[in-house]
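Chemist: Chains as they are written, first to last, in the numbering used here: chain A, 1 to 205; chain B, 1 to 205; chain C, 1 to 334; chain D, 1 to 334.
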Amino acid sequence: MIDKFAAWLRDSAQVLHDNAAYLTELDSAIGDADHGANLDRGFGAVVAVLDETSFGSVDELLKKAGMTLVSKVGGASGPLYGTFFLRFGTALAGAELTPVSIGEGLRAGVGGILARGKAELGDKTMYDAWAPALDAYDAVVASGGDLEAALTAAAEAAAKGRDATVPLEARKGRASYLGERSVGHQDPGATSTTLLLESAARTLA
Amino acid sequence: MIDKFAAWLRDSAQVLHDNAAYLTELDSAIGDADHGANLDRGFGAVVAVLDETSFGSVDELLKKAGMTLVSKVGGASGPLYGTFFLRFGTALAGAELTPVSIGEGLRAGVGGILARGKAELGDKTMYDAWAPALDAYDAVVASGGDLEAALTAAAEAAAKGRDATVPLEARKGRASYLGERSVGHQDPGATSTTLLLESAARTLA
Amino acid sequence: MKKLINDPADVVSEALLGMAAAHPDRLRVDHENRIVYRKQEPRPGKVGLISGGGSGHEPLHGGFVGLGMLDAACAGEVFTSPVPDQMMAATKAVDAGAGVLHIVKNYTGDVMNFEMAAELAAADAGTEVRSVVTNDDVAVQDSLYTAGRRGVGVTVLLEKIVGAAAEEGRSLAEVAELAQRVNDQGRSMGMALTSCTVPAAGKPTFELAENEMEVGIGIHGEPGRQRLPLAPAREVAALLVDPVLSDLPYGQGDSVIAFVNGMGGTPLLELYLMYNEVAQLLDRAGITVARSLVGNYITSLEMAGCSVTLLKVDDELVRLWDAPVNTPGLRWGA
Amino acid sequence: MKKLINDPADVVSEALLGMAAAHPDRLRVDHENRIVYRKQEPRPGKVGLISGGGSGHEPLHGGFVGLGMLDAACAGEVFTSPVPDQMMAATKAVDAGAGVLHIVKNYTGDVMNFEMAAELAAADAGTEVRSVVTNDDVAVQDSLYTAGRRGVGVTVLLEKIVGAAAEEGRSLAEVAELAQRVNDQGRSMGMALTSCTVPAAGKPTFELAENEMEVGIGIHGEPGRQRLPLAPAREVAALLVDPVLSDLPYGQGDSVIAFVNGMGGTPLLELYLMYNEVAQLLDRAGITVARSLVGNYITSLEMAGCSVTLLKVDDELVRLWDAPVNTPGLRWGA
Ligand SMILES: Nc1ncnc2c1ncn2[C@@H]1O[C@H](COP(=O)(O)OP(=O)(O)O)[C@@H](O)[C@H]1O
Ligand SMILES: Nc1ncnc2c1ncn2[C@@H]1O[C@H](COP(=O)(O)OP(=O)(O)O)[C@@H](O)[C@H]1O
Ligand SMILES: [Mg+2]
Ligand SMILES: [Mg+2]
Ligand SMILES: [Mg+2]
Ligand SMILES: [Mg+2]
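The following block contains the structure:
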């Protein structure tokens with residue numbers, strides 16, 4: 001399973017690299033034009049760590065990824081994604097890796113995003129992608145679906161949540177400074193969250 | 001005759017005002033984009049003086065115009081045109097106003113430009129318009145022509161001198177800093193000199 | 001993109017090399033952690049002052065390190081807040097036994113990264129850390145449900161005034177209380193004539209037509225609250241001063257420090273011209289200018305535009321403002 | 001044209017109003033004659049130092065009026081030298097019995113207007129006037145038959161160093177001799193990424209494509225000697241430093257003041273990055289940097305770009321450089 005998690009992080013790094021200009025473009029409209037560069041730098045550093053270190057457990061791997069993001073990204077997305085992976089890893093420590101435990105881990109990670117960012121649903125942040133994704137994931141698992149099905153459902157729900165950020169007026173993050181002018185633009189963080197979950201659906205199951 | 005000289009200065013002011021953007025455009029290419037604004041400001045001030053003061057003699061009028069230009073224009077063209085009118089006026093003091101004395105006055109004025117600016121023929125300055133203009137003027141007067149004919153010939157010669165500045169490499173003034181890149185551009189000062197002489201041909205005779 | 005840079009990825013680290021080379025007598029730079037320190041070790045018993053934020057706002061913050069101002073500044077990537085490791089390292093290094101104040105501009109990223117650093121520093125070294133979060137930008141509506149107002153121009157004035165208080169040997173509690181008071185008494189508003197270009201992005205963050213301006217901008221190239229037709233300086237000054245004055249806490253008879261700040265691409269000639277307009281508006285409002293500051297102090301790369309900051313002051317704040325300061329960006333009396 | 005101005009015709013006078021309002025403790029402005037004076041009357045027996053030139057180069061010259069630098073500065077229209085009346089009035093006002101030095105940048109207009117003023121002042125009030133004409137720009141070929149080299153960055157360093165010497169009470173002959181020596185030992189070279197826009201002209205003086213730069217520019221938006229493809233900072237630094245070093249009078253083992261100047265629209269971040277490149281080139285050439293200066297000191301409105309000035313110094317020049325100075329644009333030790 002470690003290999004799959006490592007593959008997820010590597011695939012995410014590639015996808016974020018390929019989409020860096022797009023994410024920065026989205027961040028130009030309602031932010032400060034760095035979201036793509038931030039994540040590219042951070043996940044690039046995660047890949048470098050993966051190249052150098054071998055990990056004994058998934059939780060170690062995720063915690064290290066989280067610490068690396070905290071140390072390398074900065075901005076809003078650094079502490080948010082960093083905390084996500086730290087708490088995701090912490091929640092998995094000692095646990096058997098099942099669709100349920102992974103779901104609990106994801107929820108713990110998103111709990112970290114909430115604790116740090118204090119966003120609510122509809123604030124036009126990455127949480128607007130995470131929240132429906134978690135619910136969709138849990139629903140699939142509850143009805144007996146496997147990890148791949150759960151992650152696929154999560155990614156699809158995230159994409160819907162991402163699209164739903166477009167008409168919102170931002171209340172958190174840098175886009176909130178724009179007030180009404182933030183309406184009509186897609187949130188960069190919700191977009192990168194969707195990319196991460198799409199990558200998970202491809203690589204983790 | 002005072003009225004004619006005043007009319008010349010007023011007409012020049014109008015012509016320079018109308019051509020200010022053009023002169024500045026020429027000065028943009030090989031200078032600092034202010035020749036039109038400089039002369040417009042200076043001759044505008046001369047007109048204001050004419051409106052306020054009545055003069056007892058042409059030499060007083062010209063000296064006052066020169067002093068006004070010196071005080072209001074700045075840059076290279078301020079001292080040059082200012083000195084021109086100062087010396088032109090000084091040369092006419094006490095003299096009867098004839099085509100010959102006016103020619104001597106013009107030459108004295110241009111002597112002032114040379115004394116201040118130390119330009120030589122072909123340096124790509126206003127002197128390249130003045131020098132042929134003086135010669136053409138004198139030639140017409142020597143062959144018995146009247147003031148109007150002399151000034152018309154002077155203006156035509158100035159225009160030729162102005163056009164001849166285009167292929168020159170500047171050696172004086174701001175254009176000289178460009179070296180070879182000054183080639184192919186018409187000198188702004190030679191252009192304004194031509195405008196002044198064309199105005200004289202229209203108003204002074 | 002037209003910039004005097006090599007690789008966009010190296011802009012911040014190479015600029016820090018330049019700062020270190022240009023100020024060897026006064027500054028020491030930890031290039032690995034991207035921290036600008038005073039050359040001299042912290043004086044025992046002095047409260048340490050650190051700040052930091054994204055790069056691209058120079059001289060803020062690194063240019064305000066030195067006697068009478070900051071002890072250290074952490075430089076993030078362009079417009080990206082620094083990471084907790086940097087603030088932690090700086091906090092430990094400048095702790096001279098009296099604790100450390102973090103001066104944080106109110107942006108989600110800055111606040112979160114500084115918060116993590118403070119938690120870690122407290123746990124790790126037992127350093128007492130207090131924070132002040134500046135939020136003086138009246139362009140942003142304040143509300144419990146939003147990220148609140150941005151920290152902008154007041155940050156500069158606060159670093160100076162609080163720096164002087166720390167130099168006097170005041171306690172962390174006193175310094176933090178003063179910092180909060182300065183923040184609460186200051187308000188700012190900014191505008192842009194042009195966008196800036198983040199080096200890694202390679203193109204302008206927003207596009208503005210020849211006859212447009214953005215009013216209510218931040219310092220990260222965020223678009224403003226409003227796009228308006230270009231207006232004369234006189235009207236621009238009113239657009240900036242009026243919302244500042246109508247917000248708390250200025251009134252007839254008050255004294256202020258009046259600060260006209262350039263966003264980086266506006267020449268000093270225009271900033272002085274703007275200061276003339278601002279001074280006239282203040283005069284008409286019955287407000288006394290105790291001190292003024294005109295220039296490029298908290299910038300947005302090459303953005304053209306300006307901001308106006310007013311800080312209500314009493315004799316004590318003026319005295320602290322006047323105290324000696326010796327930094328690359330602000331210097332007097334030393 | 002995007003500028004923080006009202007009527008283009010009023011830019012200079014309104015900016016002077018702003019300067020006067022912003023620095024009431026230190027400066028006095030004669031608005032009619034457009035002269036910036038020190039607040040205090042000249043000290044009897046001190047040589048008076050005046051300079052001036054077109055506006056648009058701020059803080060040069062008005063921002064360099066004050067203790068340890070100029071006694072007065074005459075402001076012309078944007079990029080247009082002031083007129084003799086201004087220099088005459090300033091000369092008379094700052095003559096404290098020891099004579100007056102005119103610091104003139106070598107441009108035909110500046111030289112002629114200052115010359116006329118010196119002639120008039122000498123005739124009129126009997127004031128002894130000496131002049132130094134700065135001509136440090138190596139972009140321009142020097143020759144007996146041309147207008148010669150332009151005065152650029154050295155002017156700033158000269159005003160500081162000679163200002164300190166005048167403050168020490170040296171005679172006019174000594175001060176003039178020192179000024180000449182400083183000029184002779186300094187060289188500069190500049191480049192632009194963008195043009196500037198003269199307010200009265202309303203559009204950029206020259207057009208540059210996204211991938212072009214001008215090398216060997218002056219400070220009045222004059223186009224440069226060469227248009228080259230945009231290059232990384234490292235190559236730009238070499239394009240500026242090499243011609244300076246290959247000109248007289250620098251050599252291995254020499255000490256210099258290294259001055260990286262912004263043209264007005266280039267952020268400090270980039271100027272520090274450029275300084276890093278310049279410092280490395282000097283290091284490789286075996287030249288010691290005794291002092292450095294990085295920032296916007298002699299500008300061309302909002303032009304993006306920079307210039308490099310090197311001034312060869314000995315212990316005396318360094319001591320005069322370090323002496324206290326208190327002006328809006330340059331301040332230390334006071
Ligand atoms: N308080 C918050 N809670 C959750 N997500 C947030 C919050 N603030 C910002 N974000 C997310 O962070 C994204 C911006 O990240 P990034 O551009 O890297 O940081 P910064 O805004 O500091 O430049 C936003 O698009 C949004 O999704
Ligand atoms: N030494 C000189 N002798 C004669 N004319 C000169 C000299 N230097 C400059 N000029 C003239 O002055 C004109 C420029 O005037 P202007 O633009 O008003 O002044 P500046 O060059 O100071 O901006 C040039 O086009 C040239 O004709
Ligand atoms: Mg961002
Ligand atoms: Mg000109
Ligand atoms: Mg950011
Ligand atoms: Mg000029």
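Glycine included, C-beta positions come from ideal geometry on N, C-alpha and C.
Compute the beta-carbon to beta-carbon distance between Pro59 (chain D) and Gly264 (chain D), rounded to the nearest angstrom, for a pair I have assumed lies under 8 Å.
Modeler: 11 Å between Cβ atoms; not a contact.
Chemist: Three or more beta-carbon pairs under 8 Å between the segment 39 to 54 of chain C and the segment 8 to 27 of chain A, yes or no?
Modeler: no
Chemist: List the residues of chain D that Val70 (chain B) touches, going by C-beta distances under 9 Å, in chain order.
Modeler: Val83, Pro84, Asp85, Asn113 and Met116
Chemist: Would you kindly work out how many angstroms separate the C-alpha atoms of Gly62 (chain D) and Tyr297 (chain D), rounded to a whole number?
Modeler: In this structure, the straight-line span from the alpha carbon of Gly62 (chain D) to that of Tyr297 (chain D) is close to 11 Å.
Chemist: Expressed to the nearest angstrom, what Euclidean distance is found between the alpha-carbon atoms of Thr299 (chain C) and Asn261 (chain C)?
Modeler: 8 Å
Chemist: Where the beta carbon is closer than 5 Å to any heavy atom of ligand 8, which residues qualify, in chain order?
Modeler: Absent from the structure shown: ligand 8. Ligands present: ligand 1, ligand 2, ligand 3, ligand 4, ligand 5 and ligand 6.
Chemist: Compare the beta carbon distance of Thr134 (chain C) and Gly109 (chain C) with 8 Å and say whether it is the shorter of the two.
Modeler: no
Chemist: Give me the chain G residues within the contact set of Lys172 (chain A), using Cβ-Cβ distance strictly less than 8 Å, ordered along the chain.
Modeler: In summary, chain G is missing from the structure at hand, where the protein chains are A, B, C and D.
Chemist: Determine which residues share a DSSP beta bridge with Trp332 (chain C) and list them.
Modeler: When beta bridges are read from the DSSP output, Trp332 (chain C) appears opposite C:Val325.
Chemist: Under 9 Å Cβ-Cβ, which residues of chain B neighbour Gly218 (chain D)?
Modeler: Asp32, Arg174 and Tyr177
Chemist: Just checking Met87 (chain C) against ligand 1 - is the residue's beta carbon closer than 7 Å to any of the ligand's heavy atoms?
Modeler: Answer for Met87 (chain C): no, Cβ out of range of ligand 1.
Chemist: How should Val241 (chain D) be labelled, buried or exposed, when 16 other C-beta atoms within 10 angstroms of its C-beta is the threshold for buried?
Modeler: Classification for Val241 (chain D): buried.
Chemist: Of all Cβ atoms in chain C, is any one closer than 8 Å to the Cβ of Cys74 (chain D)?
Modeler: For Cys74 (chain D), no CB of chain C lies under 8 Å from its own CB, so it is not counted at the interface with that chain.
Chemist: Arg181 (chain B) CB to nearest chain D CB: under 8 Å?
Modeler: yes
Chemist: Does the beta-carbon of Asp85 (chain D) have 16 or more other beta-carbons within 10 angstroms, so that it is buried, or is it exposed?
Modeler: buried
Chemist: Under 7 Å between beta-carbons, which chain C residues line up against Tyr272 (chain D)? List them in chain order, please.
Modeler: Ordered by position in chain C, the residues that pass the 7 Å Cβ test against Tyr272 (chain D) are Ala15, Gly18, Met19 and Ala22.
Chemist: I want to verify the contact list: residues of chain A whose CB lies under 7 Å from the CB of Gly221 (chain C), in sequence order.
Modeler: Asp32 and Ala33
Chemist: 8 Å is my cut-off, CB to CB: does Val198 (chain C) come that close to chain A?
Modeler: yes
Chemist: Measuring only the C-alpha atoms, how far is Lys172 (chain A) from His35 (chain A)?
Modeler: 15 Å
Chemist: What span of residues does the beta strand (DSSP E) with Met213 (chain C) cover, start to end?
Modeler: Glu212 to Val215
Chemist: Counting Cβ pairs closer than 8 Å, one from the segment 180 to 189 of chain C and one from the segment 22 to 35 of chain A, do we hit at least three?
Modeler: no
Chemist: Under the assumption that Ser81 (chain C) contacts Asn113 (chain C) (Cβ atoms under 8 Å), give the Cβ distance between them as a whole number of angstroms.
Modeler: 5 Å
Chemist: Report the residue from D:Ala22, D:Leu317, D:Met274 and D:Ala165 whose alpha carbon sits nearest the alpha carbon of Asn6 (chain C).
Modeler: D:Met274
Chemist: Pull up the distance between the alpha-carbon of Ala9 (chain C) and that of Val198 (chain C), whole angstroms please.
Modeler: 11 Å
Chemist: By how many angstroms is the C-alpha of Glu302 (chain D) removed from the C-alpha of Leu27 (chain D)?
Modeler: 25 Å
Chemist: Considering only residues of the same chain and omitting the five flanking positions on each side of His31 (chain C), which have a CB-CB separation below 8 Å?
Modeler: Ser13, Leu16, Leu17 and Ala20
Chemist: Please tell me whether Ile35 (chain C) and Ala89 (chain C) are closer than 8 Å, where the distance is taken between their beta carbons.
Modeler: Annotated as proximal: Ile35 (chain C) and Ala89 (chain C), with beta-carbon spacing under 8 Å.
Chemist: Lys3 (chain C) versus chain D: which residues are under 7 Å apart at the beta carbon?
Modeler: Glu270
Chemist: Report yes or no: is there a C-beta of chain C within less than 8 Å of the C-beta of Gly202 (chain D)?
Modeler: no
Chemist: Who are the neighbours of Trp332 (chain C) on chain D, taking C-beta pairs under 7 Å?
Modeler: Arg331
Chemist: Any Cβ of chain D within less than 8 Å of the Cβ of Arg87 (chain B)?
Modeler: no
Chemist: Please state whether DSSP places Phe55 (chain A) in a helix, a strand or coil.
Modeler: coil
Chemist: Whole angstroms are fine: how far does the CA of Ala149 (chain B) sit from the CA of Leu239 (chain D)?
Modeler: A straight line joining the alpha-carbon of Leu239 (chain D) with that of Ala149 (chain B) spans about 55 Å.
Chemist: Looking at the unbroken alpha helix (DSSP H) that takes in Val94 (chain D), where does it start and where does it end?
Modeler: Pro84 to Val94
Chemist: For a contact meaning CB atoms closer than 7 Å, what does Ala304 (chain D) contact in chain C?
Modeler: Lys2 and Glu302
Chemist: Does the beta carbon of Gly153 (chain C) sit closer than 8 Å to a beta carbon anywhere in chain D?
Modeler: no
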